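The block underneath contains the structure these notes are about, expressed in structure tokens.
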Amino acid sequence: MTSSRRNRVLVGAFAASALLVVSLTAGQAAQASGTNIVASHGLGGSTYLHIAGTSTTVTGWDTSHGHSGEAWLNYCGFRSKAWGTLSSGSAWSQTTGINSGCIPIGFAGGYTGLNVKMKSGTTVKGQSYHDGTWAPGIPQVGVWA
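Using the numbering used here, the letters of the sequence shown correspond one by one to residues 624 to 768.
Okay, here's the thing in structure tokens:
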């Protein structure tokens with residue numbers, strides 16, 4: 624494949640993934656259960672958030688992060704966090720412990736077994752961290768009664 628052809632293929636793939644991201648970044652409404660993915664940084668970088676639960680009760684969450692266009696990357700010192708507004712109006716957040724190792728593929732982290740009552744009409748947001756910084760691109764999932 625020529626360099627010019629390879630660049631057109633990469634640009635086409637990136638444009639297609641950007642279109643998908645644009646359609647999802649507004650936040651997916653869900654009853655304390657849903658998924659959203661947003662563009663992040665690097666080549667094909669994205670962060671994914673999944674929330675599990677019923678009505679306004681969050682029973683689990685996880686975020687994952689990867690760079691589809693940079694298969695050579697190692698992700699070092701990775702962690703995940705989620706936050707939102709409790710039914711009382713107070714802020715809620717939870718962050719996983721940092722993994723001190725490095726892995727050659729994307730990563731995920733989160734918690735299950737929760738019983739967190741969120742405020743109806745708000746969103747739960749998530750973010751991923753690696754190599755010394757929180758990744759830009761914050762997916763969010765709506766919660767309502």
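Quick reminder that beta carbons are idealized off the backbone N, C-alpha and C, glycines included.
Predicted model only: the values in this text are computed from it and were never measured.
- Local Cβ density within 10 Å of Ala-714, reported as buried at 16 or more and exposed below that: exposed
- Under the three-state DSSP convention, the category Phe-701 falls into: coil
- Item | Ala-662 burial status per 10 Å Cβ neighbour count (16 or more: buried) | buried
- Counterpart residues of Leu-709 in DSSP-defined beta bridges: Met-741
- Between the region 718-726 and the region 663-679, do three or more beta carbon pairs fall short of 8 Å? no
- How about Thr-658 and Ser-751: are their beta carbons less than 8 Å apart? no
- Message: Just verifying my parser: in three-state terms, what is the DSSP assignment at Asn-775?
- Response: Limits of the chain in this structure are 624 at one end and 768 at the other, which puts residue 775 out of reach.
- Task: Within the same chain, show all residues whose beta-carbon is closer than 6 Å to that of Ala-731, passing over the 5 residues directly before and after it, in chain order.
- Result: Asp-685, Ser-687
- Query: Under a Cβ-count criterion, where at least 16 other Cβ atoms within 10 Å of its own Cβ denotes burial, should Gly-760 be classed as buried or exposed?
  - Reply: buried
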